[in-house]
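Chemist: Numbering of the sequence shown is given in the working numbering, commencing with residue 2 and proceeding in unit increments.
From the three backbone atoms N, C-alpha and C, an ideal C-beta is built for every residue, glycine too.
What follows is a structure written as structure tokens; I'll ask about it next.
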Amino acid sequence: GLANLAVDPAQQALPGSLQHSGTCGLQNQAVADSETGTRHNALPRARELLDGLVVFSPEDAGQRRTLQQALEELRHAPAQELQSESGEATLEMCSGHIEELFQHALGRKDEEAAGGAIWLAGRLPQLEEHEDDAHVTLQDRLRRRFHEYQMEAALDSAAALVPGAKREMGALERLMEALDLAESHASLARCNTQVRLESILADLRPHVPARLDMLLGAGRFEEVEGVLNVIGAGRSEALDLHRVHSKLDILKGIDLVRTALTPTPGQIGFPVLKQRQLRHATMTVRTALAGDMSAETAAKLERLLFQELLPTCVRHSRESMFAALQTAFGLLNAADRVWAAVHSPYEELSADRKRELAHELPKACQVWRVAIPDWLVSPELAACQQAIRDALAGTDPGALQAALLQVKEADGGRELCAAEFEEALRVLRLQHRLPEGWNVESMLAGQAQQKLLAKQELTDPSVIRAFDRLLKSTTNPVWTRDRKGRVTKGFEAVRVVHVMNAMTWASYVKRRDEILGDREQVTWPYDDAHWQDNLNGALMTKEAFGAIEPLVSAPPLLEKVNEGWFLHGTSHAGAAAISSDDFDMARARPTGLYGAGIYLAESVSKSDEYVQGETADGIELFPILVCRVCLGNIYYCPEKLPDRRNLEDRCLRQEWHSVLGDRKKTSGTFREFIIYDPNQVFPGYIVYYKRTG
Numbered sequence: 002g003l004a005n006l007a008v009d010p011a012q013q014a015l016p017g018s019l020q021h022s023g024t025c026g027l028q029n030q031a032v033a034d035s036e037t038g039t040r041h042n043a044l045p046r047a048r049e050l051l052d053g054l055v056v057f058s059p060e061d062a063g064q065r066r067t068l069q070q071a072l073e074e075l076r077h078a079p080a081q082e083l084q085s086e087s088g089e090a091t092l093e094m095c096s097g098h099i100e101e102l103f104q105h106a107l108g109r110k111d112e113e114a115a116g117g118a119i120w121l122a123g124r125l126p127q128l129e130e131h132e133d134d135a136h137v138t139l140q141d142r143l144r145r146r147f148h149e150y151q152m153e154a155a156l157d158s159a160a161a162l163v164p165g166a167k168r169e170m171g172a173l174e175r176l177m178e179a180l181d182l183a184e185s186h187a188s189l190a191r192c193n194t195q196v197r198l199e200s201i202l203a204d205l206r207p208h209v210p211a212r213l214d215m216l217l218g219a220g221r222f223e224e225v226e227g228v229l230n231v232i233g234a235g236r237s238e239a240l241d242l243h244r245v246h247s248k249l250d251i252l253k254g255i256d257l258v259r260t261a262l263t264p265t266p267g268q269i270g271f272p273v274l275k276q277r278q279l280r281h282a283t284m285t286v287r288t289a290l291a292g293d294m295s296a297e298t299a300a301k302l303e304r305l306l307f308q309e310l311l312p313t314c315v316r317h318s319r320e321s322m323f324a325a326l327q328t329a330f331g332l333l334n335a336a337d338r339v340w341a342a343v344h345s346p347y348e349e350l351s352a353d354r355k356r357e358l359a360h361e362l363p364k365a366c367q368v369w370r371v372a373i374p375d376w377l378v379s380p381e382l383a384a385c386q387q388a389i390r391d392a393l394a395g396t397d398p399g400a401l402q403a404a405l406l407q408v409k410e411a412d413g414g415r416e417l418c419a420a421e422f423e424e425a426l427r428v429l430r431l432q433h434r435l436p437e438g439w440n441v442e443s444m445l446a447g448q449a450q451q452k453l454l455a456k457q458e459l460t461d462p463s464v465i466r467a468f469d470r471l472l473k474s475t476t477n478p479v480w481t482r483d484r485k486g487r488v489t490k491g492f493e494a495v496r497v498v499h500v501m502n503a504m505t506w507a508s509y510v511k512r513r514d515e516i517l518g519d520r521e522q523v524t525w526p527y528d529d530a531h532w533q534d535n536l537n538g539a540l541m542t543k544e545a546f547g548a549i550e551p552l553v554s555a556p557p558l559l560e561k562v563n564e565g566w567f568l569h570g571t572s573h574a575g576a577a578a579i580s581s582d583d584f585d586m587a588r589a590r591p592t593g594l595y596g597a598g599i600y601l602a603e604s605v606s607k608s609d610e611y612v613q614g615e616t617a618d619g620i621e622l623f624p625i626l627v628c629r630v631c632l633g634n635i636y637y638c639p640e641k642l643p644d645r646r647n648l649e650d651r652c653l654r655q656e657w658h659s660v661l662g663d664r665k666k667t668s669g670t671f672r673e674f675i676i677y678d679p680n681q682v683f684p685g686y687i688v689y690y691k692r693t694g
């Protein structure tokens, strides 16, 4: 029944629904049919099949096959015919039957059948006038309804788990997984689940903290950590778990300090393993102190140190005593009570040991920045110390020279005033190995009796633009469980502050040298090929900060120890405290996925999850620390639920120095970099940015 164009050249092939372009110049209609898939009897045939489905029954397999046959016929109908009134009516009829099929599948909770209906909707031909971005196809509508159905099912499942979750932790974990699933489908369905989520969490709120308190009372810390990790930071606030987090930090911190400082049988001095344990314990306790508004941590720590650990360590050895004193001074603002706890056991020591300590304690006190107690310092040495401090605080070179001479001639003066004496004799830059770009004069101004510290606002527009490019080049707007609120899509650097902290830098350089020395025992890879092939890609900040380094005169990175620049989100107060004192991990928790460490990111989008903004002049700014980090020997962890204790053990007791947690591989989110020794992290810059999307 095909017309031959040789007989009637005026006839032309009509474009089919599978090929919308024209077919002018074809020799024969049969050729047009074979190339476009068009069949001129397709639409009537489809209508004939659909007319047989006047009363459509989705349960009837025969009728479903008939519907599919009609759909295939429509796919071969000419587009011009489909755009006719009859064609549009046929498409509408077919769409209605597909929707009936989909709705019936959902009613029977048959997700496979619902997926089949969505597939059929995708086979439905689309008219040319509907092929634009604004048009929502039947398949799109069914997909959204399917995700909405799955969202509701997940929420119903979560609600059903609430009674069990109040009593049993396994049910609570399943409930949280159901909420994660619901939020995932809600995003695809473009629905808001906030009301139902808040209702479910509100029902749990009185019970979960009580249950966790009971576990803490039983000393089941690891179980509590696991539950908090399952709940996630985003929902902890809704469940009012801040007090549980704080209490866990307190109990864990106190236990870690006791373990680290208590001498073991046969212990000589204070070995390296104990030193690592103590660094870990100190970091954990600092976190607890920062988050404990009731001062419960400080009270428990004072009882532990004053009544138990300080007397024990003084009697054990000089090294143990110094470790306990450094811990007490570093964690507690109670120098007088610390010395009071030390005085009695000190008097019990032999004369030789007391002479040794009297010679060495003054030097240590300078490092700790605490005053030596009166019972340890003679009046003559006290006068020397005050003289050199006064001279260093002033500007008279003659006074400084006289003070130096007085200290030199006094018996024990050099030991008592070692730090001041060295500062007067040497160039401070060499003493602390300070970078050439640092302004030492600004670090001394007004802080003679404190640490060498300055925070310089960088106002050069080219520098601010370079840091802005750093933020933009590391943006990756991906949602994670730790995100509170919507995902930020854009960032703009507004202010940049250069941090020059001599003591923190010196500790960092010293630790970096130690790690460099470790390479003589254990060699590890560090080149670009290793990052690309074994660590899931190059570091995101490498290229952007490479452009920043010459602008700010930053020392070149030491690639042999995998040194790089990383980001850490915090609050304004946290940024000020960390850059002024030390990286005290006020925002980190021992319950973190990879243990009690310093968590760093290569993407501003990840660090942005943990920032807290402040508004000034109508603009809300958020702080992020740009940190120089020595990763050393990196332990690559691609596990979804790693053993945090095993990771800590690898870095504190074995040959690794850091962990790369690859959540990008396991969950499609971000790589995280975890350091367990704060001396491996130096916060070099504070970038204040605003969110733009």
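(1) Under DSSP, the alpha helix (DSSP H) around His-569 begins and ends at which residues?
(2) Could you name the residues of the same chain whose beta carbon sits closer than 7 Å to that of Ser-158, not counting the 5 residues immediately before and after it, in chain order?
(3) Got a sec? Which residues, its chain only, sit under 7 Å from Gln-84 by beta carbon, not counting five neighbours each side?
(4) Going by DSSP in three states, Arg-40 sits in which element: helix, strand or coil?
(5) Using DSSP with H/G/I as helix, E/B as strand and the rest coil, what is Gly-1?
(6) Please give the ranges of any alpha helix (DSSP H) in the segment 282–350, keeping only runs that are unbroken, at least 4 residues long and fully inside the region.
(7) Determine, using beta carbons only, whether Arg-287 and Asp-678 come nearer to each other than 7 Å.
(8) Determine the DSSP secondary structure at Gly-165, reduced to helix, strand or coil.
(9) What residue from Gln-522, Arg-168, His-186 has the CA that sits closest to His-208's CA?
(10) Does Gly-662 come out as helix, strand or coil in the three-state DSSP assignment?
(11) How many angstroms separate the CA atom of Trp-657 from the CA atom of Leu-559?
(12) Given a cut-off of 7 Å, decide if Arg-197 and Leu-156 are closer than it, judged by their beta-carbon atoms.
(13) So which of Gln-69, Thr-67, Glu-74 has the shortest CA-CA distance to Ala-43?
(14) Sort out for me which residues DSSP pairs Tyr-686 with in a bridge.
(15) Given that a residue counts as buried once 16 or more other Cβ atoms are within 10 Å of its Cβ, and exposed if not, what is Glu-458?
(16) Could you pull the start and end residues of the beta strand (DSSP E) that Glu-60 belongs to?
(17) Between the segment 261–272 and the segment 628–638, do three or more beta carbon pairs fall short of 8 Å?
(18) Here's the rule I'm using: 16 or more other beta-carbon atoms within 10 Å means buried, otherwise exposed. How should Pro-624 be labelled?
(19) Just verifying my parser: in three-state terms, what is the DSSP assignment at Gln-691?
(20) How is Arg-191 classed by DSSP in three states: helix, strand or coil?
(21) Taking a contact to mean a Cβ-Cβ separation below 7 Å, would you say Ala-115 touches Ala-106 in this structure?
(22) Can you give me the C-alpha to C-alpha distance between Pro-346 and Val-605, rounded to a whole angstrom?
(23) By the 10 Å Cβ neighbour count, where 16 or more other Cβ atoms means buried, how is Trp-566 classified, buried or exposed?
(24) What number of angstroms, rounded off, separates the C-alpha of Ser-572 from the C-alpha of Leu-622?
(25) Just the Cα atoms here: how many angstroms apart are Arg-664 and Gln-533?
(26) Please state whether DSSP places Arg-672 in a helix, a strand or coil.
(27) DSSP state of Pro-679, grouped into three classes?
(28) Following the continuous alpha helix (DSSP H) through Ile-465, name the residue where it begins and the one where it ends.
(29) DSSP has Ile-201 in a bridge; who is on the other side?
(30) Taking Tyr-636 as the reference, which of Gly-662, Lys-485, Ile-255 has the closest Cα?
(31) According to DSSP, is Ile-232 part of a helix, a strand, or is it coil?
(32) Please classify Trp-120 as buried or exposed, where buried requires at least 16 neighbouring CB atoms within 10 angstroms.
(33) Just tell me which of Lys-485, Ser-508, Ala-539 has its CA closest to the CA of Asp-582.
(34) When the distance is taken between beta carbons, is Thr-542 closer than 7 Å to Glu-493?
(35) Is the beta carbon of Ala-548 closer than 7 Å to that of Ala-455?
(36) Pro-436 and Pro-556 - do their beta-carbons sit closer together than 7 Å?
Modeler: Taking the definition as stated:
(1) Per DSSP, His-569 belongs to no alpha helix (DSSP H); it is in the beta strand (DSSP E), 564–570.
(2) Ala-179
(3) Leu-128
(4) coil
(5) Any question about residue 1 goes unanswered here, given that the chain covers just 2 to 694.
(6) Listed in chain order, the complete alpha helix (DSSP H) runs (minimum 4 residues) inside the segment 282–350 are 297–305, 311–317, 319–332, 336–348.
(7) no
(8) helix
(9) Arg-168
(10) Strand at Gly-662.
(11) 17 Å
(12) For Leu-156 and Arg-197, yes; Cβs fall inside 7 Å.
(13) Glu-74
(14) His-499, Val-627
(15) exposed
(16) First-last for Glu-60: undefined, no H or E at that position.
(17) no
(18) buried
(19) First, the amino acid is wrong: residue 691 is Lys here, not Gln. Lys-691: strand per DSSP, three-state reduction.
(20) Coil.
(21) yes
(22) 51 Å
(23) buried
(24) Going by the C-alpha atoms only, they are around 10 Å apart.
(25) 16 Å
(26) Residue state, collapsed to three classes: strand.
(27) helix
(28) 462–474
(29) According to DSSP, which records beta bridges pairwise, Ile-201 is partnered with nothing at all.
(30) Gly-662
(31) helix
(32) exposed
(33) With distances taken between Cα atoms, Asp-582 lies closest to Ser-508.
(34) no
(35) no
(36) Yes, the Cβ-Cβ distance between Pro-556 and Pro-436 is below 7 Å.
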